[in-house]
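**Student:** Protein sequence lines, in the order shown, are assigned to chains C and W.
Going by numbering that gives the first Met the number 0, the residue at position 3 of the first sequence is 2; the numbering climbs one at a time, nothing skipped.
Going by numbering that gives the first Met the number 0, the residue at position 147 of the second sequence is 146; the numbering climbs one at a time, nothing skipped.
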Amino acid sequence: MLDRELSGAAAIAGLGITEVGKVYGRSTAEFATDAVLRAVADAGLQVTDIDGLLTSNGMTGGGSFMLPDTLGLRDLRLNVTLSAAGATASAAIQYACMAVASGMCEAVVYVHADAPLTDRGVSSAAAYAGAASGRPPAGFRGVARSNGLVGANPLYALAARRHMERYGTTTEEFGAIAVAQRAWAAGSPLATMRTPITIGDHQASRWIAEPLRLLDCCLVSNGGVAFVVTSADRARTLRQPPVFVWGWGQGHPGYSMERGCEFGLVSGAGISGANALRMAGIPLADIDVCELYDCYTFTVLITLEDYGFCAKGEGGPFAASGALGPGGSLPTNTGGGQLSGYYLWGVTPLSEAVIQARGQGGDRQAPRHDVVLVSGNGGVLDFHGTVVLAAHPK
Amino acid sequence: MSAADQPGAGSAGRDAAILRDEASTPFFDAAADGRLLIRRCAACGHWIAPYLRMGVTLDRCPACTSDRLDWAEASGRGTLVTWTVVHQAGRRTPDDEQDAHPVGVVELEEGPWLTARLDADGTDLRAGLELEVAFVRPGGGEPVPVFAPAWRPDRPPG
């Protein structure tokens with residue numbers, strides 16, 4: 000089957016979002032169960048209609064071992080836990096569509112839940128351990144720990160600094176992304192951080208790992224999000240406006256980390272985005288809204304460049320132009336993203352894309368929302384996935 | 000002598016002594032002599048960093064998949080690719096700024112990228128800066144590479 004035949008064959012028919020953010024006292028499993036029940040109800044289906052289950056693990060598990068028991072899912076035809084780090088959500092939707100289009104399943108649920116935050120004073124940074132404290136492990140792991148290059152923050156900082164050195168990108172341009180997303184967050188009841196910020200606020204926020212400041216970094220959140228994927232034909236008969244999946248792609252650069260390596264300069268979004276658009280059969284200019292994986296402001300910037308919304312190296316000026324915020328030419332991360340909304344490993348952009356494509360964004364609804372581009376990014380720019388969603392059938 | 004070398008500099012994180020293990024023994028033995036050892040493929044001659052991010056090591060040559068990797072001496076010269084200044088995660092103490100320290104990715108003359116501490120007091124860091132290796136012993140433990148600008152008024156070349 001050619002990918003052009005798969006384009007639009009499946010649709011997202013249900014979306015379930017639990018309480019998200021600083022929500023304490025609920026386990027990862029409880030969030031997962033709650034999210035699936037919400038998604039199934041949203042679609043107007045019964046749990047017994049689900050015959051495929053895809054799950055992913057965050058910091059605290061969340062996989063599928065007990066979920067079928069809890070939900071009473073019997074004789075599933077698909078039950079797999081996937082991992083492409085932060086790109087998992089974008090990838091999972093691809094496999095869900097393939098399972099439906101191949102006839103393997105009729106209705107697949109993908110769910111991601113996580114609960115790394117506790118109310119016992121554990122900070123976000125501690126939840127994602129990486130602080131260089133305590134005795135280092137022996138050997139080269141000890142050298143890495145001793146250097147302080149532990150966890151995602153300093154490694155993304157290395158990528159961001161390289162981009163700045165090569166292209167003249169500035170911290171204020173990173174700040175423009177944080178400011179635009181916070182402006183969107185003000186309109187989202189799901190968002191954790193809704194008070195508007197300025198470039199000055201961004202510049203005054205403390206360093207995490209230079210050149211990344213606190214307001215360049217995503218939140219850490221608890222919660223769960225689930226999606227129901229079924230055939231386009233069936234989705235049209237269900238409760239919600241179908242969100243058709245027109246195209247997808249993945250790109251995993253495999254950085255050599257030696258002379259000639261493009262780490263920090265080019266991400267997997269180039270290959271992934273081009274293939275997703277080719278499958279969708281549309282040019283980039285047809286994209287109305289972007290929901291881009293934003294572990295850091297820099298990740299948004301490099302993704303915009305590699306998708307081709309601006310020339311390579313022009314991501315900074317493009318962000319600073321105001322294109323991404325409310326009223327801009329390319330509404331991006333309209334729920335505040337993972338910087339200001341909530342951070343759940345890529346189901347954040349995917350869920351907001353469904354909301355926007357349906358036209359259910361309320362105060363934050365983008366004016367044009369027929370075609371929405373979604374990205375996932377994982378590791379340290381190691382994994383990338385793209386999904387093109389549309390409000391109309393092919 | 001860098002701050003990390005001084006007695007009583009502290010026991011946490013950056014200043015904690017590093018212990019050797021079997022895999023790192025040749026590297027640390029050479030480092031004690033002031034020599035930088037890296038890996039070289041016995042089959043194709045490709046140069047490989049002794050450790051990658053998070054301290055992970057490769058068992059095979061990424062250029063030809065051979066598992067015959069030797070240790071070989073590098074020139075110790077390289078250029079700065081990128082860097083970060085790491086601040087104490089999650090802490091807001093007076094020590095934070097004092098503890099902040101630059102760490103770089105150095106493109107060795109032989110080609111591999113090595114992540115290492117930078118000793119760049121008084122030098123503006125920039126991509127392409129020429130660097131030379133030296134070694135420091137955090138907490139009196141095994142020596143780790145630290146790269147400094149190859150040309151400095153207080154340390155003439157040669």
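Every residue, glycine too, gets a C-beta built ideally from N, C-alpha and C.
1. Give a yes or no on whether the C-beta atoms belonging to residue 370 of chain C and residue 385 of chain C are separated by under 8 Å.
2. Given 7 Å as the limit, tell me if residue 185 of chain C has its C-beta closer than that to any heavy atom belonging to the ligand MG.
3. Any beta carbon from chain W within less than 8 Å of residue 140 of chain C's own beta carbon?
4. Based on Cα-Cα distance, which residue from W:48, W:82, W:84 lies nearest to residue 71 of chain W?
5. DSSP three-state label for residue 150 of chain W, please.
6. Locate the alpha helix (DSSP H) running through residue 297 of chain C, then write down its first and last residues.
7. For residue 84 of chain W and residue 153 of chain C, what's the separation of their Cα atoms in angstroms?
8. Report the residue from C:176, C:206, C:209, C:98 whose alpha carbon sits nearest the alpha carbon of residue 195 of chain C.
9. Would you verify that the beta carbon of residue 56 of chain W is, or is not, closer than 8 Å to some beta carbon of chain C?
10. When the Cα of residue 78 of chain W is compared with those of C:259, C:148, C:14, which residue comes out closest?
11. For residue 219 of chain C, which of helix, strand or coil comes out of DSSP?
12. Quick check: residue 270 of chain C and residue 250 of chain C, are their CB atoms within less than 8 Å of each other?
13. DSSP state of residue 249 of chain C, grouped into three classes?
14. Counting along the chain, where does the beta strand (DSSP E) carrying residue 109 of chain C start and finish?
15. Can you find a C-beta in chain C that's less than 8 Å from the C-beta of residue 131 of chain W?
16. In chain order, what residues of the same chain lie with their CB nearer than 6 Å to the CB of residue 186 of chain C, ignoring the 5 residues before and after it?
17. Entirely within the segment 126-178 of chain C and at least 3 residues each: give me those beta strand (DSSP E) ranges in chain order.
18. What would DSSP say about residue 40 of chain C, mapped onto helix, strand or coil?
19. Go through its chain and collect everything with a Cβ distance to residue 106 of chain W's Cβ below 6 Å, but skip five positions before and after it.
20. Let's test the definition: count the other Cβ atoms within 10 Å of the Cβ of residue 87 of chain C and tell me whether it reaches 16, buried, or not, exposed.
21. Under DSSP, the alpha helix (DSSP H) around residue 9 of chain C begins and ends at which residues?
22. Based on the DSSP secondary-structure assignment, which residues constitute the bridge partners of residue 100 of chain W?
23. Is the beta carbon of residue 229 of chain C closer than 8 Å to that of residue 202 of chain C?
24. Whole angstroms are fine: how far does the CA of residue 148 of chain W sit from the CA of residue 119 of chain W?
25. So for residue 138 of chain W, helix, strand or coil by DSSP?
26. Strictly below 8 Å CB to CB, what residues from chain W border residue 165 of chain C?
27. So is residue 131 of chain C buried or exposed if we call it buried at 16+ other beta carbons inside 10 Å?
28. Note the first and the last residue of the continuous beta strand (DSSP E) segment covering residue 208 of chain C.
29. Determine the direct distance from the alpha carbon of residue 5 of chain C to that of residue 188 of chain C, and round the result to whole angstroms.
30. Compare the C-beta of residue 18 of chain W against all C-beta atoms of chain C and say whether one is closer than 8 Å.
31. From the DSSP secondary-structure annotation, give me the bridge partner or partners of residue 69 of chain W.
32. Return the first residue and the last residue of the beta strand (DSSP E) that residue 374 of chain C is part of.
33. Kindly confirm or deny that the segment 34-42 of chain C and the segment 10-24 of chain C touch, where touching means at least three C-beta pairs closer than 8 Å.
34. Using a Cβ distance threshold of 8 Å, determine whether the segment 105-114 of chain C contacts the segment 15-33 of chain W, with at least three qualifying pairs required.
35. Go ahead and pull the three-state DSSP assignment for residue 102 of chain C.
36. Where does residue 46 of chain C land, buried or exposed, given buried means 16+ other C-beta within 10 angstroms?
**Tutor:** Taking the geometry as given:
1. The residue you call residue 370 of chain C lines up with position 371 of the first sequence. The residue you call residue 385 of chain C lines up with position 386 of the first sequence. In this structure, residue 385 of chain C does not lie closer than 8 Å to residue 370 of chain C by Cβ.
2. Annotation note on the ligand MG: not contained in the displayed structure, which lists no ligands.
3. One-based indexing of the first sequence puts residue 140 of chain C at position 141. So yes, residue 140 of chain C belongs to the interface.
4. For the purposes of this step, residue 71 of chain W is taken as the residue at position 72 of the second sequence. With distances taken between Cα atoms, residue 71 of chain W lies closest to W:48.
5. Within the second sequence, residue 150 of chain W is the residue found at index 151, counting from 1. Residue 150 of chain W sits in coil when the DSSP states are folded into three classes, being neither helix nor strand.
6. Here residue 297 of chain C refers to the residue found at position 298 when the first sequence is read from its first residue. Boundaries of the alpha helix (DSSP H) harbouring residue 297 of chain C: 296-306, taken from the DSSP string.
7. Walking along the second sequence from the start, residue 84 of chain W turns up at place 85. Walking along the first sequence from the start, residue 153 of chain C turns up at place 154. Those two C-alpha atoms are separated by around 8 Å.
8. Along the first sequence, read from residue 1 onward, the residue named residue 195 of chain C stands at position 196. Checked all of C:176, C:206, C:209, C:98; the closest Cα to residue 195 of chain C is C:176.
9. One-based indexing of the second sequence puts residue 56 of chain W at position 57. It does: the Cβ of residue 56 of chain W has a partner Cβ on chain C nearer than 8 Å.
10. Start at 1 with the first residue of the second sequence, and residue 78 of chain W comes out as number 79. Among C:259, C:148, C:14, the Cα nearest to that of residue 78 of chain W is on C:259.
11. Locating residue 219 of chain C in the first sequence gives position 220, counting from the first residue. Three-state result, residue 219 of chain C: coil.
12. On the first sequence, position 271 is the one that residue 270 of chain C refers to. On the first sequence, position 251 is the one that residue 250 of chain C refers to. It is a contact, given that the beta carbons lie within the stated cut-off.
13. What you label residue 249 of chain C is simply residue 250 of the first sequence in a count that begins at 1. Residue 249 of chain C falls in the strand class under three-state DSSP.
14. Within the first sequence, residue 109 of chain C is the residue found at index 110, counting from 1. Where residue 109 of chain C is concerned, the enclosing beta strand (DSSP E) stretches over 106-113.
15. On the second sequence, position 132 is the one that residue 131 of chain W refers to. Chain C contact via Cβ: absent.
16. As a working note, residue 186 of chain C is residue 187 in the first sequence. So the qualifying residues of the chain are 362, 363.
17. none
18. Within the first sequence, residue 40 of chain C is the residue found at index 41, counting from 1. Looking at residue 40 of chain C - three-state DSSP - the assignment turns out to be helix.
19. Sequence index remark: in the second sequence, residue 106 of chain W carries index 107 (1-based). Contacts found: 77, 78, 80, 112.
20. Taking the first residue of the first sequence as position 1, residue 87 of chain C is located at position 88. So residue 87 of chain C counts as buried.
21. For the purposes of this step, residue 9 of chain C is taken as the residue at position 10 of the first sequence. Residue range 9-16 is occupied by the beta strand (DSSP E) that includes residue 9 of chain C, with no alpha helix (DSSP H) assigned at that position.
22. The sequence position of residue 100 of chain W within the second sequence is 101, counting from 1. Bridge partners of residue 100 of chain W: W:85.
23. The residue you call residue 202 of chain C lines up with position 203 of the first sequence. The residue you call residue 229 of chain C lines up with position 230 of the first sequence. Not in contact: residue 202 of chain C and residue 229 of chain C (Cβ atoms no closer than 8 Å).
24. Looking up residue 119 of chain W in the second sequence gives position 120. Looking up residue 148 of chain W in the second sequence gives position 149. In this structure, the straight-line span from the alpha carbon of residue 119 of chain W to that of residue 148 of chain W is close to 7 Å.
25. As a position in the second sequence, residue 138 of chain W is number 139, starting the count at 1. In this structure, residue 138 of chain W counts as helix in the three-state DSSP scheme.
26. Taking the first residue of the first sequence as position 1, residue 165 of chain C is located at position 166. Within 8 Å of the CB of residue 165 of chain C, the CB atoms of chain W belong to 126, in sequence order along the chain.
27. What you label residue 131 of chain C is simply residue 132 of the first sequence in a count that begins at 1. With a pLDDT of 46 at residue 131 of chain C, under the threshold of 50, the predicted position of this residue should be treated as unreliable, though the coordinate-derived value follows. Flag for residue 131 of chain C reads buried.
28. Here residue 208 of chain C is taken as the residue at index 209 of the first sequence, counted from 1. Unbroken beta strand (DSSP E) run through residue 208 of chain C: 206-209.
29. For the purposes of this step, residue 188 of chain C is taken as residue 189 along the first sequence, with counting starting at 1. For the purposes of this step, residue 5 of chain C is taken as residue 6 along the first sequence, with counting starting at 1. So the two alpha carbons sit approximately 35 Å from each other.
30. Locating residue 18 of chain W in the second sequence gives position 19, where the first residue counts as 1. Interface residue, yes.
31. The residue labelled residue 69 of chain W in the question sits at position 70 within the second sequence. Per DSSP, W:39.
32. For this step, residue 374 of chain C is matched to residue 375 along the first sequence. Note, residue 374 of chain C: beta strand (DSSP E), 370-377.
33. The segment 34-42 of chain C, when compared against the segment 10-24 of chain C, does touch it at the 8 Å Cβ threshold.
34. Between the segment 105-114 of chain C and the segment 15-33 of chain W there are fewer than three inter-stretch CB-CB distances shorter than 8 Å, so the stretches are not counted as touching.
35. Residue 102 of chain C sits at position 103 when you count from the first residue of the first sequence. Coil at residue 102 of chain C, not helix or strand.
36. To locate residue 46 of chain C, count along the first sequence from 1; it is residue 47. By the neighbour-count rule (16 or more Cβ atoms within 10 Å), residue 46 of chain C is not buried but exposed.
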